[in-house]
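Letter 69 of the sequence shown, counting from 1, is numbered 101 in our numbering, and no numbers are missing. No residue lacks a Cβ here, since even glycine has one placed at the ideal position from N, Cα and C. Take a look at the structure set out below.
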Amino acid sequence: MSIRRIKALTKKEFIQMSRDIRSLGGALFIPLLMIFLFGYALSLDVDRIPTVLLDNDRTAVSREFTHLLSNSRYFTLVRTLDRDSEIDVALARREALMALVIPVGFSSAVREGHKAPVQAIFDGSDSNTASIAVGYFKAVAAGFDIALQEKRIRRAGLKMVEMPLEARIRVWFNPELKSKNFIIPGLAAVIMMAICALMTALSVSRERETGTLEQLFSTPLSSMELLIGKLLPYLCVGLADMALVVGAGVLIFDVPFRGSYLDLFVTTLIFLIGTLSWGLFISVISRTQLQASQIAMLSAYLPSFLLSGFIYPIENMPIVLQVITYIVPARYFVEILQGLFLEGVGLPVLWPQLLALVIYAVLVLNLARKRFAKRLM
Numbered sequence: 033m034s035i036r037r038i039k040a041l042t043k044k045e046f047i048q049m050s051r052d053i054r055s056l057g058g059a060l061f062i063p064l065l066m067i068f069l070f071g072y073a074l075s076l077d078v079d080r081i082p083t084v085l086l087d088n089d090r091t092a093v094s095r096e097f098t099h100l101l102s103n104s105r106y107f108t109l110v111r112t113l114d115r116d117s118e119i120d121v122a123l124a125r126r127e128a129l130m131a132l133v134i135p136v137g138f139s140s141a142v143r144e145g146h147k148a149p150v151q152a153i154f155d156g157s158d159s160n161t162a163s164i165a166v167g168y169f170k171a172v173a174a175g176f177d178i179a180l181q182e183k184r185i186r187r188a189g190l191k192m193v194e195m196p197l198e199a200r201i202r203v204w205f206n207p208e209l210k211s212k213n214f215i216i217p218g219l220a221a222v223i224m225m226a227i228c229a230l231m232t233a234l235s236v237s238r239e240r241e242t243g244t245l246e247q248l249f250s251t252p253l254s255s256m257e258l259l260i261g262k263l264l265p266y267l268c269v270g271l272a273d274m275a276l277v278v279g280a281g282v283l284i285f286d287v288p289f290r291g292s293y294l295d296l297f298v299t300t301l302i303f304l305i306g307t308l309s310w311g312l313f314i315s316v317i318s319r320t321q322l323q324a325s326q327i328a329m330l331s332a333y334l335p336s337f338l339l340s341g342f343i344y345p346i347e348n349m350p351i352v353l354q355v356i357t358y359i360v361p362a363r364y365f366v367e368i369l370q371g372l373f374l375e376g377v378g379l380p381v382l383w384p385q386l387l388a389l390v391i392y393a394v395l396v397l398n399l400a401r402k403r404f405a406k407r408l409m
C-alpha cells in the first residue's frame, strides 16, 4: 500500500469536492438544518395542555379547583364554556385537548365530606399525549383532595399525623426531565448516519455518470488504496459535521455535555469509518446517483430513526425487531452519545458499544474493499 498514491487520490477528492460548492455546502448545512428542525419540532414533553372549562357550580370551591389546575405547568385554560354542546365543538376543532366539567353541587359535596365528582374529557386521537394528560390530571386532583382533607382535620381541631413513609425522589442525569436532553444526542447519531452514508454513496456513482470512474480503475491503485483515498476527505467532512451538531446541541439547545471530548472524537471516528464505508459499498453497487441515494436512505436513515432507540424504546418493540436492532450501528452510537452527554461516563463503561462499532466498521470496510477489488479486476 502506497501512502503517496493515497495522498494523491485524497488530494484529487478534496479538489473535486471544493469545486462542487453546493454539495459541500449541503453536506455542512443539512446536518445543522436537521438538528434545528428536529430539535425544535420534536418534543416528548407534554405540558401546557389546552383546556376548556364548563363550571356548572360557579362557587368559590369550584374556582379554587380550576385555579389549582390552571396554575400548574401542565394545563392552560383557553376558554370557559356555557353549554355541554360546546365541548364537542372545542375538542373536534382541536381548540382543546381536555374539557373539564364541574357539576352543580360540587361545593356542597366538598363541604359535607361526600364524594365530589368532576368530569374530565380528553381527546384520545393522540393516545400518548392523552395518557400523560390523564396522569397529570389525576395528580392535580389528588393534590386538591389532600388539601381538602388537611383543612377538614384542622377545622375539627385534630392534629395532623405524619405519614410513616416519606418518598424522597431524585432524578439523576436529567433532573428536569427535559426530552430535548434525551433527543438531541440521539438525533446527532441519526443525522450523522444518514448524511455520511449519503455523501459517500453518491461519490462513486457520480464518477460513473461523469465517465471518470473507468479512468480511476485503470490506475495502479489497489482496492484498499482506492477505498482509503475516497474515505479520508469525507471523514474530515463528517467530523466537521459532528462538531457543528454537537456545538448546536450544547450552545443553542443547552444540552449538557458531561463526558470527555476525546472519547467523543474516538467513538465518532470509528462510527464514521463504518458509516462512510457502507456508503462507498452502496456507491459501487449502484448504477446511478438516484439509485445510490435511495438505497442509502432506506438502509441508513430509516433503520437509524426507527430501530436505534432514539425515539421508540427498543425494549417495547417485538422480539424480532429487537434482534434486528443489534445490526443497526446507530443503536450503539446513540447509547454512546447519551452516555457522554447526560451520564458523563467514558470508554470504561461504554466499551461494549464501542466494540460493536469497531466490529461493524471492520466488516463493512472489508466488504467495500472486496467490492472495489472486484471492480478493479
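Which residue comes first and which comes last in the beta strand (DSSP E) that contains residue i?
{"i": "phenylalanine 107", "result": "107 to 112"}
{"i": "valine 287", "result": "Neither: valine 287 is in no beta strand (DSSP E) and is coded neither H nor E."}
{"i": "alanine 87", "result": "One point to set straight first is that residue 87 is aspartate, not alanine, in the sequence displayed. Note, aspartate 87: beta strand (DSSP E), 81 to 87."}
Check each candidate in the options and name the one with the smallest Cα separation from residue i.
{"i": "serine 159", "options": "Leu129, Leu253, Ala179", "result": "Leu129"}
{"i": "valine 110", "options": "Ser102, Arg319, Leu308", "result": "Ser102"}
{"i": "arginine 403", "options": "Ile314, Trp204, Ile67", "result": "Ile314"}
{"i": "leucine 76", "options": "Asp295, Lys212, Arg143, Ser250", "result": "Lys212"}
{"i": "alanine 324", "options": "Val298, Thr307, Arg238, Thr161", "result": "Arg238"}
{"i": "alanine 59", "options": "Phe285, Asp295, Thr244, Ala229", "result": "Ala229"}
{"i": "phenylalanine 97", "options": "Leu338, Ala332, Ala173, Ile391", "result": "Ala173"}
{"i": "lysine 210", "options": "Pro345, Val78, Leu65", "result": "Val78"}
{"i": "arginine 125", "options": "Gln151, Gly167, Gly279, Asp155", "result": "Asp155"}
{"i": "phenylalanine 285", "options": "Ala92, Phe373, His99", "result": "Phe373"}
{"i": "leucine 248", "options": "Ile35, Glu45, Ser34", "result": "Glu45"}
{"i": "threonine 83", "options": "Gly57, Thr112, Gln181, Leu56", "result": "Thr112"}
{"i": "arginine 36", "options": "Gln354, Asp52, Leu253", "result": "Leu253"}
Identify the continuous alpha helix (DSSP H) that holds residue i and give its terminal residues.
{"i": "isoleucine 216", "result": "211 to 242"}
{"i": "alanine 152", "result": "Where alanine 152 is concerned, there is no enclosing alpha helix (DSSP H), although the beta strand (DSSP E) it sits in stretches over 151 to 154."}
{"i": "methionine 130", "result": "That residue, methionine 130, is in no alpha helix (DSSP H); its beta strand (DSSP E) goes 130 to 134."}
{"i": "proline 63", "result": "53 to 73"}
{"i": "leucine 296", "result": "293 to 317"}
{"i": "glycine 167", "result": "159 to 187"}
{"i": "serine 102", "result": "92 to 103"}
{"i": "phenylalanine 335", "result": "The sequence shown places proline at residue 335, rather than the phenylalanine named in the question. Residues 334 to 339."}
{"i": "arginine 143", "result": "138 to 144"}
{"i": "leucine 322", "result": "321 to 328"}
{"i": "glutamate 367", "result": "361 to 370"}
{"i": "valine 121", "result": "117 to 124"}
{"i": "isoleucine 356", "result": "351 to 356"}
Please report the Cβ distance between residue i and residue j, rounded to the nearest whole angstrom; I am assuming they are in contact, meaning their Cβ atoms lie under 8 Å.
{"i": "isoleucine 223", "j": "proline 335", "result": "Going by Cβ atoms, the distance from isoleucine 223 to proline 335 rounds to 14 Å, so no, they are not a contact pair."}
{"i": "asparagine 88", "j": "proline 135", "result": "6 Å"}
{"i": "alanine 131", "j": "leucine 86", "result": "7 Å"}
{"i": "threonine 311", "j": "methionine 231", "result": "It should be noted that the sequence gives glycine, not threonine, for residue 311. Contact holds; Cβ gap of about 6 Å."}
{"i": "proline 389", "j": "threonine 299", "result": "Checking the displayed sequence, the identity of residue 389 turns out to be leucine instead of proline. About 7 Å; that satisfies the 8 Å criterion."}
{"i": "glycine 71", "j": "isoleucine 216", "result": "6 Å"}
{"i": "leucine 267", "j": "isoleucine 227", "result": "The pair is not a contact, with the Cβ atoms about 13 Å apart (cut-off 8 Å)."}
{"i": "valine 133", "j": "glutamine 151", "result": "4 Å"}
{"i": "tyrosine 333", "j": "methionine 225", "result": "7 Å"}
{"i": "isoleucine 343", "j": "threonine 357", "result": "That pair is no contact at about 13 Å."}
Do residue i and the ligand FMN come close, with the Cβ less than 7 Å from some heavy atom?
{"i": "aspartate 273", "result": "The ligand FMN is not among the ligands present in this structure, which contains no ligands whatsoever."}
Does the distance from the C-beta atom of residue i to that of residue j stay below 8 Å?
{"i": "isoleucine 260", "j": "isoleucine 81", "result": "no"}
{"i": "glutamine 48", "j": "glycine 218", "result": "no"}
{"i": "serine 94", "j": "phenylalanine 138", "result": "yes"}
{"i": "leucine 386", "j": "isoleucine 359", "result": "no"}
{"i": "valine 396", "j": "serine 340", "result": "no"}
{"i": "aspartate 220", "j": "valine 277", "result": "It should be noted that the sequence gives alanine, not aspartate, for residue 220. A contact, by the Cβ cut-off of 8 Å."}
{"i": "phenylalanine 365", "j": "phenylalanine 303", "result": "yes"}
{"i": "alanine 405", "j": "serine 255", "result": "yes"}
{"i": "leucine 41", "j": "leucine 263", "result": "no"}
{"i": "isoleucine 67", "j": "alanine 280", "result": "yes"}
{"i": "alanine 233", "j": "alanine 328", "result": "yes"}
With a threshold of 8 Å between beta carbons, is residue i in contact with chain B?
{"i": "arginine 36", "result": "Checking the listed chains, one finds no chain B in this structure; it contains a single protein chain."}
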